[in-house]
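Reading through the structure tokens given below for one structure.
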Amino acid sequence: MFNEMYQSESVIRNHYNNINDWLDQMTSKVILEKNAEAETHFRNIGITFSTNNETARERIIPFDLIPRIFTYTEWLRLERGVIQRAKALNAFLADIYNQGEIIKANIIPKEIIYKKKSFEPSMFGFSPPRDIYSPIIGIDLVRTGPNDYFVLEDNCRTPSGVSYMLENREIMMRMFPDLFHNNRVTPIDDYPTRLLQTLMSLAPIKCENPEPVCVLLTPGPLNSAYYEHSFLSDQMGIEMVESTDLFVEGKYLYMKTVDGPKRVDVVYRRIDDDFLDPLCFNPQSVIGIPGIMDVYRTGGVNICSAPGAGIADDKAIYIYVPEMIKFYLGEQPILDNVETWNCEKEHELKYVLDNINELVVKEVDGSGGYGMLIGPKSSKSSIDEFKTKLSTNPKGYIAQPLLDLSFSPTLIKNQVEGRRVDLRPFCLIGEQAQLSSGGLTRVAMNEGSFVVNSSQGGGVKDTWVLAE
Amino acid sequence: MLSRTAEYLYWISRYMERAETTARLLNVGYRMSLFPNPSGYNNEWESVLSAAGAIESYKNKYNTIEQRNVEDYLFFDESNPSSVYNCILNARNNALVVRTSFTPESWLAINKTYQEILNLKDKKFTKSDLPDLTEWTVEQVNLFRGSLSSLLRNDGYNFLFLGLFIERADNSARLLDVKYFVLLPKPQYVGGNIDNMQWSILLRSLSSFRAFRWAYDGNITATKIADFLVLNNNCPRSLSFCIQNIVKHLTNLTCSPEKVGRIYNNLKDLNTKIQEEKIEAIVEYGLHQFVTQFIRKISSVDHEIHKEFFN
């Protein structure tokens, strides 16, 4: 068991000393007040979310006051590891939508690529600007020891959570300015600027504008990440559009403005592939911009991330990412994968069924902590239920060992207690590849819990990277 | 600017303005209900409902006009599209979509108001709470308006204020339409209680009670009040002030000069007339008729703004 703050029961890790002193002086009264202040702040700015079982009122994510801290050296390694992974994932996408060298080299069997729903045949033979398919990648990491980091999953489509990373920092600076005088915390508030630079560096070939017009495409206010959409477009100073604001005419994409049509060069889309273009994808879709795929393929607009980028974060493809890094970059992977059993393969399914009490079973297409089984924590009946599911639909599942996620000190009813955490840093790839100096730390607020998802009672923390 | 953004901005300030008007009307009704008349107490609730444009929908829901029901209908009722609650809810939902087009302070002002009205709605109210509710509403709207002062003076700003003054012009005119008879000249000035009370209703509903005394010397007369509420450009709720500001924010728009020109042409005559006319001439022509035409014109301008810019 690894604790982020305590080296042993009585020894605090050096980089947590200041935080420990700060915690010592805080009375329960102050903690209560600050918790209330943070909650009011989040409610007022409207950083709320909705879950699958919708209740009338919007919810806010519990915010824990104790930051999670990385030293400069720790972060350096994570940074190199995440960027390496993000580059390999993009190289993989460029490859499978063109020559398919990795298949010819017998590293990844072609069935698991071409048969996936997330593989997009219409992308075949087309190369997006700079060969970047997924310019914004969120990598979910967990830590089990001082130098042991594992990648749980890659998010290559439209990873969310970056607004929490930024707002958590804002509220901490507002409530505890002294902390930032006494600790040299690397700023993160330039993320939106870097995101905009990244998007602008990915202008389509037919764009003549030296400052390409970018927009953020949102499904609308009912989407659970709507706050983030408006936050990011506000911070970048670009329009947040819905698909009804856009239309195709001739070979270009336009938005409807009070001045008349205005050409759009780059679409940072936060909607799924299926809802992009009813002519190309889902004909039943009432949202979407008819003809946008034509404009995209003829270089009139860029869509970020590219349609079909989702194949790269498929749970069945995940298994091969270390191989991709070696194949495309000629490097050794810096970050480890979690050992994963692919239930589609008969002998691996057998192993999973025999050892299900020790394993975590996940749906291949699941997310948000739904549809998963944590073997060691589950009742016999839910284990039996999953055994049946596995036997009837083995393709739909993978299994992994239960990792001993690191503990981070967390305020529970005014007491400092250890709770498990993960980390999602955000990697940008355009003209250059760069990583946010920090990320979103999610914390499983319930004692003993391994599930950090906000839909399942998870909270968030500010994440610090100390300056050199 | 996106057409949809412009439309949402326009409606945000319309809703906020309407919330304030409704709150003021409720406040006037409440005041009147405390004063005796020969048969008991004054009952202004019917004219409050008329001025709020809610008399018919109210009567569909309730058989009798009672304070408690009117209060609830105009303040909290979710089935009344113009209730203060619905105005704030709509403004907030629009603001959520276009928060990128105004300042964080404006968003905060609206969202806090929304969070508070959710809490207010959950509580039980007694009759005597109404003044607190209406005062709260006016305060919240002022907070929102104040936050607009730090906005960029771009088209978004002008659409916000176009919405505000279209709504205000309509609200002021409707109130005059309901109460025009108290402004008709009497054979001689009597200054009876009834007149005083009716005049005070009008002025208070337009938040101009004290302003009027500062603007006009001497006796209160129906003509002076009519002049104040229709033609006085210093009165921020008079019809002429509203028209003047509609023209100003319309012509300040930098997008599509031809569209602006078309709308302006429709408005030009009314603006010239109202700026040059004397109140006596209007009264002679017929105040009621004048106000009715005014309402129709504002509605057609609103229609044109939608057609030209928001489609």
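Note that the protein sequences, when read in sequence, are chains U and S. Residue 1075, in my numbering, is where the first sequence stops; the numbers in between run on with no holes. Residue 312, in my numbering, is where the second sequence stops; the numbers in between run on with no holes. Every residue, glycine too, gets a C-beta built ideally from N, C-alpha and C. Predicted model only: the values in this text are computed from it and were never measured.
The beta-carbon of U/T800 is placed no less than 8 Å from the nearest beta-carbon of chain S. Rounded to whole angstroms, the gap between the alpha carbons of U/D628 and S/L26 is 57 Å. In the DSSP assignment, U/P1016 forms a beta bridge with U/G1025.
For S/R100, DSSP records no beta bridge to any residue. C-alpha of U/L936 to C-alpha of U/A695: approximately 7 Å in a straight line. Scanning S/L288, S/Y217, S/A212, S/N267 for the CA closest to the CA of S/K180 turns up S/L288.
Between U/W1071 and the set U/N754, U/S1044, U/Q939, the nearest pair of CA atoms involves U/S1044. Interface with chain U (8 Å Cβ-Cβ cutoff): S/Q116 is included. A distance of 8 Å or more separates the beta carbons of U/I910 and U/K969. Under the 10 Å beta carbon count, U/E640 is surrounded by fewer than 16 other beta carbons and is classified as exposed. U/I743 and U/F1033 do touch by the CB rule: their CB atoms are close to 7 Å apart, below 8 Å. Your pair S/I167 and S/D303 checks out as a contact, with CB atoms roughly 5 Å apart and the cut at 8 Å.
Inter-segment contact for the region 262-279 of chain S and the region 197-212 of chain S is absent: fewer than three beta-carbon pairs are separated by less than 8 Å. Annotated three-state conformation of S/V183 is helix, per DSSP.
In the three-state reduction of the DSSP assignment, S/L152 falls in the coil class. Between the C-alpha atoms of U/D943 and U/Y756 there is a straight-line separation of about 7 Å.
In its chain, beyond the 5 residues on either side, Q691, R692, A695, E938, Q939, P940 have a beta carbon closer than 8 Å to the beta carbon of U/I932. With respect to chain S, the C-beta atom of U/M782 has no partner C-beta closer than 8 Å. In this chain, the beta strand (DSSP E) harbouring U/A1040 covers 1040-1042. At a cut-off of 8 Å between C-beta atoms, S/D123 does not count as an interface residue with respect to chain U. Residues of the region 851-875 of chain U that bring their beta carbon within less than 8 Å of a beta carbon in chain S comprise T851, D852, M862, K863, T864, V865, D866, G867, in sequence order. Considering only S/F291, S/S151, S/S102, the residue with the shortest C-alpha distance to S/G157 is S/S102. Counting every other CB atom within 10 Å of its CB across the protein chains shown gives U/T864 a total of 16 or more, marking it as buried. If one requires a minimum length of 3 residues, the beta strand (DSSP E) runs lying completely within the region 879-955 of chain U are 909-911, in chain order. Sequence-distant Cβ neighbours of S/S4 in its own chain, meaning closer than 8 Å and more than five residues away, are F310, F311, N312. For S/V302, no CB of chain U lies under 8 Å from its own CB, so it is not counted at the interface with that chain. Assigned with DSSP and collapsed to three states, U/F670 falls in strand. Residue pairing of U/Y756 in beta bridges, as defined by DSSP: U/R750. Where S/K113 is concerned, the enclosing alpha helix (DSSP H) starts and stops at 105-123. Within the region 815-847 of chain U, P828, S837, S840, D841, E846, M847 place their CB atoms closer than 7 Å to a CB of chain S, listed in sequence order. The continuous stretches of alpha helix (DSSP H) do not include U/Y875, which lies in the beta strand (DSSP E) extending over residues 873-876. By the neighbour-count definition (other C-beta atoms within 10 Å, threshold 16), S/K260 is a buried residue. By the Cβ rule, the region 87-101 of chain S counts as touching the region 826-845 of chain U, because three or more pairs are nearer than 8 Å.
At the C-beta level, U/T793 and U/K858 stay beyond 8 Å of one another. Sequence-distant partners of U/E965 (beyond 5 residues in either direction) whose C-beta falls short of 8 Å from its own C-beta, in its chain, are G982, P983, P1008, L1009. Cβ-Cβ separation between S/L149 and S/S107: approximately 6 Å, consistent with a contact (criterion under 8 Å).
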